[in-house]
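Participant:
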Amino acid sequence: RSPVTLRLYRSWAPASLTGDEPRAKLNGYLEDYANVADGLVELYQLTFDLRWLQAARDLTDVMIEQFWDPRNGGFFQTSNDHEALIARPKDFTDNAVPSGNSVATDVLLRLAALTGDEGYAGLAESILLLLRESMMRYPLGFGRLLSALEQTISRPQEIAIIGEPADARTQALLSEVRKRFLPNAVLAGAATDAAAASSAVLVPLLAGRSQLNGAPTAYVCENFACQLPVTEPQALARQLGNT
Numbered sequence: 529r530s531p532v533t534l535r536l537y538r539s540w541a542p543a544s545l546t547g548d549e550p551r552a553k554l555n556g557y558l559e560d561y562a563n564v565a566d567g568l569v570e571l572y573q574l575t576f577d578l579r580w581l582q583a584a585r586d587l588t589d590v591m592i593e594q595f596w597d598p599r600n601g602g603f604f605q606t607s608n609d610h611e612a613l614i615a616r617p618k619d620f621t622d623n624a625v626p627s628g629n630s631v632a633t634d635v636l637l638r639l640a641a642l643t644g645d646e647g648y649a650g651l652a653e654s655i656l657l658l659l660r661e662s663m664m665r666y667p668l669g670f671g672r673l674l675s676a677l678e679q680t681i682s683r684p685q686e687i688a689i690i691g692e693p694a695d696a697r698t699q700a701l702l703s704e705v706r707k708r709f710l711p712n713a714v715l716a717g718a719a720t721d722a723a724a725a726s727s728a729v730l731v732p733l734l735a736g737r738s739q740l741n742g743a744p745t746a747y748v749c750e751n752f753a754c755q756l757p758v759t760e761p762q763a764l765a766r767q768l769g770n771t
């Protein structure tokens, strides 16, 4: 990554190999940006550290700027300033490794759910529409993209947990969420009411979320409309089962 321009490079060599300075070279491809952004979103959902979500958003914005095809839709495999090629390729098919377009679509949808930015959702949905017939004809070639499609046709889950990470009660609520397979869920959190309020600029899901009677509290929402806040893992389990 270049710290000034927020760009990714394909390869890196340490000083022991270059005989000089550590060196990064070759512009990153779409899959590099999409997979790093995917990892950053997961890091946020694991740690609730806003720097990871902001980094995911910044990198995704660069990905859109450098790789998006405004004329025909979808992402190119190479960036705008890549070396000139006879044809600028696109890769849509998921093989042993998911395609950059599939991972990017998933990232865009989760960022939209976390940040409330519908621009991300619009780009993701345009990719799904672009490949609709291809997915119907050959679903085995679009496993990751079909997973992203599931997010748009099933009921979404937005989960917020407010509580100190060191508190066993907070960990019990988090465990209730993380032990489940929730493919359509995004998870946000903050340690305190004040932290939730300050985080809401980047994560609207945290706006107005506070601890109930001073206890770690979970909110289960759908399209930012939430059920009653709960403080017990058993109550959270019931709500997760209702979404």
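If you want this note's numbering, it's the 1-based position in the sequence shown plus 528. For glycine and all other residues, C-beta sits at the position ideal for the given N, C-alpha and C. In this text the structure is predicted, and so the values were computed from the model without any measurement.
Spell out the partners DSSP gives Val-748 in its beta bridges.
Facilitator: According to DSSP, which records beta bridges pairwise, Val-748 is partnered with Ile-687.
Participant: Which term fits Lys-618, buried or exposed, when burial requires 16 or more other beta carbons within 10 angstroms of its beta carbon?
Facilitator: Under this definition Lys-618 is a buried residue.
Participant: Quick check on the burial criterion: 16 or more other C-beta atoms within 10 angstroms. Buried or exposed for Arg-638?
Facilitator: Looking at its Cβ environment, which holds 16 or more other Cβ atoms inside 10 Å, Arg-638 is buried.
Participant: Which residues does DSSP list as the beta-bridge partners of Gly-717?
Facilitator: The partner list for Gly-717 (beta bridge, DSSP) reads Ile-689.
Participant: If you compare alpha carbons, which of Lys-707, Leu-656 and Ala-735 is closest to Thr-720?
Facilitator: Of Lys-707, Leu-656 and Ala-735, the residue nearest in Cα terms is Ala-735.
Participant: Tell me, which residues are paired with Asn-608 by DSSP?
Facilitator: Asn-608 is not bridged to any residue.
Participant: Does Phe-598 pass the burial test, meaning 16 or more other C-beta atoms within 10 Å, or should it be called exposed?
Facilitator: Here the sequence assigns Pro to residue 598, which means Phe is not the residue at that position. Exposed, because fewer than 16 other Cβ atoms sit within 10 Å of the Cβ of Pro-598.
Participant: Grab the span of the alpha helix (DSSP H) containing Phe-595 for me, first residue to last.
Facilitator: From DSSP, the alpha helix (DSSP H) with Phe-595 extends over 578 to 595.
Participant: Assuming the contact rule is C-beta atoms closer than 8 angstroms, Val-714 and Ala-641 should be a hit. Round their C-beta distance to whole Å, please.
Facilitator: So it is a contact: roughly 4 angstroms between Cβ atoms.
Participant: Mind checking who Phe-603 pairs with in its DSSP beta bridge?
Facilitator: Partner(s): Trp-596.
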